[in-house]
Amino acid sequence: MTPPDHRSNRSHPATSFEPIERVANRLVGASFSPHRHDTYTVAVTMAGVQAFNYRGAMRHAVPGQALILHPEELHDGHCQDEAGFSYRAAYVPPSHVQEVLGGAPLPFVTNGVSTNRALVAAACSIVIDCAGGEDPGAYEDALYDLAHAMNQEAGTVAAVKPVNRTAVLQAREFLDTVVIAGARLEQLEQATGFDRWQLSRDFRALLGTSPYRYLQYRRVDLAKNLLREGATLADAAYGAGFADQSHFGRTFRKTVGLTPRAWLRSDLFRTIVL
């Protein structure tokens, strides 16, 4: 859904993916005529109520839900009331989803709106967390979560494949050597000789987190040590491999539950695990 006054940007999430479009918009007293996209429309309503006709019924999307429109499905959009609504959206090509699912049928979220926690979280990651483009690996991670959450919502049962423990351990060892420089799934594939998306699945199955988030945890650990040694917030962010101090602050808070500055003032700062 892209009105005339939208603000959009294009980011390059990965060398193997073409850029995707994102929009942030507020709509008051206007409406979208029926239209369709050749991509998945992944959106979250930031405020108000977003109303739209989709697959023969009126739908409503409010904050806390994920709006997932299938490629080529006709839809419109309008305000539920005079207050209007604001939303953020990303247009994810089906080819990106196919990269993750490895040729499985594209998942179809029938109602177009979901309260599934995993899907809402994945949509927010794609639409909000990855919007800055400062950490390209974040898109790969969010795309994996989105594709599998859509599969779950659609009721698609994926075939169970054996886990490659050797490749996972090789990937973890490789990540431990590139905490500052970082690594993408393509590099992990080269390091292990194993398909990147299958490796991402197996990594989660064996270690309880994704390769991308494992790397973020190690970066936060490194930043903590730098801060304990007296580094400034900016130097700790740079020294641990974060794109900038803002990215460092967001990741630190997601991992620790406190901002770096608040952590420095807390007792946790003085707690060192031996």
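So in the UniProt record's numbering, spot 2 of the sequence shown is number 2, and the numbers just go up one at a time.
From the three backbone atoms N, C-alpha and C, an ideal C-beta is built for every residue, glycine too.
**Asked** By DSSP, does residue 36 sit in helix, in strand, or in coil?
**Response** Against the sequence shown, residue 36 aligns to sequence position 36. Three-state result, residue 36: coil.
* Could you tell me how far apart the beta carbons of residue 275 and residue 152 are, in whole angstroms, since I believe they sit closer than 8 Å? => Given that the chain is displayed from residue 1 to residue 274, the structure contains no residue 275 and the question cannot be resolved.
Note to self: If I follow the unbroken alpha helix (DSSP H) through residue 102, where does it start and stop?
What the structure shows: Taking the sequence shown and counting its residues from 1, the one referred to as residue 102 is at position 102. Per DSSP, residue 102 belongs to no alpha helix (DSSP H) and is neither H nor E.
Checklist entry - Ordered along the chain, which non-local residues of its own chain (more than five positions away) have a Cβ less than 7 Å from that of residue 253? => result Residue numbering aside, residue 253 sits at position 253 when the sequence shown is read from its first letter. Same-chain partners within the cutoff: 259.
Applying the 10 Å Cβ sphere with the 16-neighbour rule, what's the burial state of residue 15? What you label residue 15 is simply residue 15 of the sequence shown in a count that begins at 1. Interpretation of residue 15 is limited by its pLDDT of 42, a score under 50 that renders its predicted location unreliable; the figure taken from the coordinates is listed afterwards. A residue is called buried when at least 16 other Cβ atoms come within 10 angstroms of its Cβ; residue 15 does not meet this threshold and is exposed.
Can you tell me which residues form a DSSP beta bridge with residue 50? Taking the first residue of the sequence shown as 1, we reach residue 50 at position 50. Under the DSSP definition of a beta bridge, residue 50 partners with 61, 79.
Anticipated Cβ contact below 8 Å, residue 138 with residue 212, distance rounded: For the purposes of this step, residue 138 is identified with residue 138 of the sequence shown, where counting begins at 1. For the purposes of this step, residue 212 is identified with residue 212 of the sequence shown, where counting begins at 1. Between residue 212 and residue 138 the Cβ distance is about 7 Å, and since that is below 8 Å, they are a contact.
_Pull the bridge partners of residue 115 from the DSSP assignment, please._
Here residue 115 refers to the residue found at position 115 when the sequence shown is read from its first residue. Paired residue(s): none; residue 115 is not in a bridge.
Using a Cβ-Cβ cut-off of 9 Å, state whether residue 39 counts as contacting chain B. Annotation note: the requested chain B is absent from the structure, which comprises a single protein chain.
What does the Cβ neighbour count give for residue 13, buried or exposed, with the cut at 16 atoms within 10 Å? The residue given as residue 13 occupies position 13 in the sequence shown. A caution first: residue 13 carries a pLDDT of 40, below 50, which makes its placement in the model unreliable, though a value can still be read off. It counts as buried.
- In the structure shown, what three-state DSSP assignment does residue 225 receive? On the sequence shown, position 225 is the one that residue 225 refers to. If DSSP states are grouped into helix, strand and coil, residue 225 belongs with the helices.
- Query: Per DSSP, which one or two residues make a beta bridge with residue 85?
  - Reply: On the sequence shown, residue 85 is found 85 positions in, with the first residue counted as 1. In the DSSP output, where bridge partners are listed per residue, residue 85 has 27, 48.
Next on the checklist: Taking only three categories from DSSP, how would you classify residue 21?
Outcome noted: The residue labelled residue 21 in the question sits at position 21 within the sequence shown. Residue 21: strand per DSSP, three-state reduction.
Bridge partners of residue 74, per DSSP? Start at 1 with the first residue of the sequence shown, and residue 74 comes out as number 74. Residue pairing by DSSP places residue 74 opposite no residue, since no beta bridge is assigned to it.
Excluding five sequence neighbours on each side, which residues of the same chain lie with their C-beta closer than 7 Å to the C-beta of residue 6?
-> Stepping through the sequence shown from its first residue, residue 6 is reached at position 6. Legend: pLDDT at residue 6 = 39, less than 50; position of this residue unreliable, value from coordinates given subsequently. Excluding residues within five positions, the ones whose Cβ falls inside 7 Å are 23, 25.
query = Pick from 140, 214, 197, 201: whose alpha carbon is nearest that of residue 180?
reply = For the purposes of this step, residue 180 is taken as residue 180 along the sequence shown, with counting starting at 1. Checking every option, the nearest Cα to that of residue 180 belongs to 214.
Less than 9 Å between the C-beta atoms of residue 171 and residue 188, yes or no?
Here residue 171 refers to the residue found at position 171 of the sequence shown. Here residue 188 refers to the residue found at position 188 of the sequence shown. Contact: yes.
Considering only DSSP beta bridges, list what residue 43 is partnered with. The count along the sequence shown starts at 1 and reaches residue 43 at position 43. Checking the DSSP bridge columns, you'll see residue 43 partnered with 67, 89.
Express the C-alpha separation of residue 219 and residue 99 in angstroms, rounding to a whole number. Looking up residue 99 in the sequence shown gives position 99. Looking up residue 219 in the sequence shown gives position 219. When rounded, the separation of the alpha-carbon atoms in residue 99 and residue 219 is 27 Å.
Rounding to the nearest angstrom, what Cα-Cα distance links residue 115 and residue 146 in this structure? On the sequence shown, residue 115 is found 115 positions in, with the first residue counted as 1. On the sequence shown, residue 146 is found 146 positions in, with the first residue counted as 1. Cα to Cα, the separation comes out at about 14 Å.
query = Would residue 44 pass as a contact of residue 127 if the rule is Cβ separation under 9 Å?
reply = The residue you call residue 44 lines up with position 44 of the sequence shown. The residue you call residue 127 lines up with position 127 of the sequence shown. Their beta carbons are under 9 Å apart, which means residue 44 touches residue 127 by this criterion.
Quick check on this structure: which residue in 90, 113, 141 has the alpha carbon closest to the alpha carbon of residue 131? Walking along the sequence shown from the start, residue 131 turns up at place 131. Among 90, 113, 141, the Cα nearest to that of residue 131 is on 90.
The segment 238-250 / the segment 200-210 touching (three or more Cβ pairs under 8 Å):
The answer is no - the segment 200-210 does not touch the segment 238-250, with fewer than three Cβ pairs under 8 Å.
Check your understanding: Excluding the five sequence neighbours on either side, which residues of its own chain have a C-beta within less than 6 Å of the C-beta of residue 274, listed in chain order?
Key -> Stepping through the sequence shown from its first residue, residue 274 is reached at position 274. Its pLDDT being 41, under 50, residue 274 is placed unreliably in this model, and the coordinates cannot settle the point.
Open item on the list: Just to confirm before moving on: does the CB-CB distance between residue 109 and residue 39 stay below 9 Å?
Closed with: In the sequence shown, the residue the question calls residue 109 occupies position 109. In the sequence shown, the residue the question calls residue 39 occupies position 39. No; because the gap between Cβ atoms is not below 9 Å, this pair is not in contact.
Exercise for the section: Take the Cβ of residue 229 as the centre, count every other Cβ of all protein chains shown within 10 Å, and call the residue buried at 16 or more, exposed below. Expected result: The count along the sequence shown starts at 1 and reaches residue 229 at position 229. Exposed.
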